[in-house]
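> Numbering-wise, this note's numbering comes out as the position in the sequence shown, counting from 1, plus 1160.
All residues carry an ideal CB built from backbone N, CA and C; glycine is no exception.
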Amino acid sequence: MLTNKTIIITGASSGIGKALTSSFLKEGANVVINSRTKSALEQVLDENCEYSSHIISVQGDIGSKQTGQALAAKAINQFGSIDVLVNNAGTFIPKSFLDETEDSLDAYFSTAVKGAFFTAQAVIPTMIEQNNGSIINIGSMWVEHPLIQTPCSASQVAKGGLHTLTRHLAIEFAQNNIRINTIAPAIIETPLYDSLMDKEQLLELASLHPLNKLGSVADIAIWVKHLAGNGSRFVTGQTFFIDGGMTAGAHR
Ligand SMILES: NC(=O)c1ccc[n+]([C@@H]2O[C@H](COP(=O)([O-])OP(=O)(O)OC[C@H]3O[C@@H](n4cnc5c(N)ncnc54)[C@H](OP(=O)(O)O)[C@@H]3O)[C@@H](O)[C@H]2O)c1
1161 MLTNKTIIIT GASSGIGKAL TSSFLKEGAN VVINSRTKSA LEQVLDENCE
1211 YSSHIISVQG DIGSKQTGQA LAAKAINQFG SIDVLVNNAG TFIPKSFLDE
1261 TEDSLDAYFS TAVKGAFFTA QAVIPTMIEQ NNGSIINIGS MWVEHPLIQT
1311 PCSASQVAKG GLHTLTRHLA IEFAQNNIRI NTIAPAIIET PLYDSLMDKE
1361 QLLELASLHP LNKLGSVADI AIWVKHLAGN GSRFVTGQTF FIDGGMTAGA
1411 HR
C-alpha cells in the first residue's frame, strides 16, 4: 500500500527511526532519512543496500530550518513527491527540574518544536499540491503522565508543544486532505537508554507499565505505518498512546 510513496523520517539513524526506515523500505516506499551524524546515516544506508535506489540521506540538525528544507527538496528531486513526514528526532535525559539548564531546555525545544514546525512547513506546500499527505509526530507518554521515577519536565514541555502542533495543523490542513497525528510512546527499548542505564535497570522499568513489559520498535512501527497509509484516511488530530496501559491510570 505504501509502494512508491515517499517518506521523510527525521532522527532515522537509531532506534525507532531506523526501524521505521527498514519497515517502510520493505513495503516498497522511498525513504529520505536524517540525523546529525554522518557515519550513523551511512551505516543505515549500508544496512539497507538492497534498497539503494529507494533511500537517500540528509545530514543535519533538525532544529535548523535549512535541514527540513533540504529534506523536502531532496525528496522532490529524487522521488517526485512527499507523502509522509515522520517527525521522530529527539533525545531524552530524565533530570530533576532543579537541575535542568537553559541549554538543555533550548535543545529540547529546538529539536522537538522547531524541528517539527519547520520540517512540516517545508513539506506541507507539496502535500497541498497533491491534496494528500500524512504527518506523524513522535511525541511522548510523559506529556500527560509524569512519573516520579523519571522526572523530565524540560523534555516534556517541548514534547507537549509537539502534541499541540499536531492538533493545530490537523485543523488548518484538513481542507487539504493532510492528516496530522501524534504517537506518544512510553518506554520503548532503543539505544536512547544506553547512556542512561544498563540493560538490567531498563528491564526493571517494565513494571512501571500495567502490561508489565517494555515496548519494542515494532510496536511503534505498526502504528506509524497505519497512520501513514490510507487505512487511516478518516483520522486526524489524534494522539495515540502506545504505552502499555500507563495513561489509563495508576496500577500500584
Ligand atoms: N525510546 C523511548 O522510550 C521513547 C519514549 C517516548 C518518546 N520517544 C521518542 O521517540 C523518538 C525516537 O527515540 P529513540 O528511542 O528511537 O531514540 P534514539 O535511538 O536515541 O534515536 C534518536 C534519533 O534522533 C536523532 N536526533 C536526535 N536529535 C536530533 C537532531 N537535533 N536533529 C536530527 N536528528 C536528531 C539521533 O541521531 P543523532 O544523535 O546522530 O542526530 C537518532 O537518530 C524521540 O523523539 C524520542 O523522544 C522515545
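Do M1301 and F1401 have their CB atoms nearer than 7 Å?
Yes, the Cβ-Cβ distance between M1301 and F1401 is below 7 Å.
> Got a sec? Which residues, its chain only, sit under 6 Å from G1397 by beta carbon, not counting five neighbours each side?
So the qualifying residues of the chain are R1327, A1330.
> Per DSSP, what kind of secondary structure is V1246 in: helix, strand or coil?
If DSSP states are grouped into helix, strand and coil, V1246 belongs with the strands.
> Write down the C-beta distance between F1105 and C1312 rounded to the nearest angstrom, noting that I regard them as a contact closer than 8 Å.
This structure cannot settle anything about residue 1105, because the visible part of the chain is limited to 1161 through 1412.
> Kindly provide the ranges of any beta strand (DSSP E) runs that are 3 or more residues long and lie completely inside the stretch 1244-1282, ordered along the chain.
Listed in chain order, they are 1244-1247.
> Taking the C-alpha atoms as reference points, what is the distance between Q1226 and I1167?
Taking the straight line joining both Cα atoms gives about 18 Å.
> Between P1345 and ligand 1, is there a pair consisting of the residue's CB and a ligand heavy atom that are separated by less than 6 Å?
Checking every heavy atom of ligand 1 against the Cβ of P1345, one is found closer than 6 Å.
> Which one or two residues does DSSP pair with A1344 in a beta bridge?
According to DSSP, A1344 bridges with F1401.
> Just to confirm, are Y1353 and L1362 a CB contact at a threshold of 7 Å?
Going by C-beta atoms, Y1353 is nearer than 7 Å to L1362.
> Is D1379 near ligand 1, with its Cβ less than 6 Å from a heavy atom?
Not under cutoff, so the answer is no.
> Examine the Cβ distances between the stretch 1176-1193 and the stretch 1242-1258 and report whether three or more of them are shorter than 8 Å.
Yes: the two stretches touch, three or more of their Cβ pairs being nearer than 8 Å.
> Q1316 lies in the alpha helix (DSSP H); which residues open and close that run?
Where Q1316 is concerned, the enclosing alpha helix (DSSP H) stretches over 1313-1333.
> In angstroms, rounded to a whole number, what distance separates the CA positions of G1275 and V1192?
G1275 and V1192: Cα-Cα distance of roughly 16 Å.
> Going by DSSP in three states, T1181 sits in which element: helix, strand or coil?
Of the three classes helix, strand and coil, the one that applies to T1181 here is helix, per DSSP.
> Starting from G1171, trace the beta strand (DSSP E) in both directions and tell me its first and last residue.
Looking at the DSSP string, G1171 is not in any beta strand (DSSP E), and its letter there is neither H nor E.
> Let me check you understand the geometry: is the CB of D1243 closer than 6 Å to at least one non-hydrogen atom of ligand 1?
Answer for D1243: no, Cβ out of range of ligand 1.
> Would the C-beta of P1370 count as close to ligand 1, meaning under 6 Å from any of its heavy atoms?
Checking the Cβ of P1370 against ligand 1 gives no.
> Which residues does DSSP pair with G1293 in a beta bridge?
DSSP lists I1338 as partners of G1293.
> Give me the residue from F1257, R1339, V1317, T1261 with the minimum Cα distance to A1280.
The shortest C-alpha separation from A1280 is found at R1339.
> State the Cα-Cα distance for the pair V1244 and G1293, rounded to the nearest angstrom.
The alpha-carbon atoms of V1244 and G1293 are separated by roughly 6 Å.
> If you pair each beta-carbon of the stretch 1340-1351 with each one of the stretch 1365-1385, do three or more pairs fall below 8 Å?
They touch, by the three-pair rule.
> Which residues mark the beginning and the end of the alpha helix (DSSP H) in which S1217 is found?
It is not in any alpha helix (DSSP H) - S1217 instead sits in the beta strand (DSSP E) that spans 1215-1219.
> Return the residue from the list A1378, P1254, T1399 that minimises the CA-CA distance to S1355.
It is P1254 whose Cα lies nearest to the Cα of S1355.
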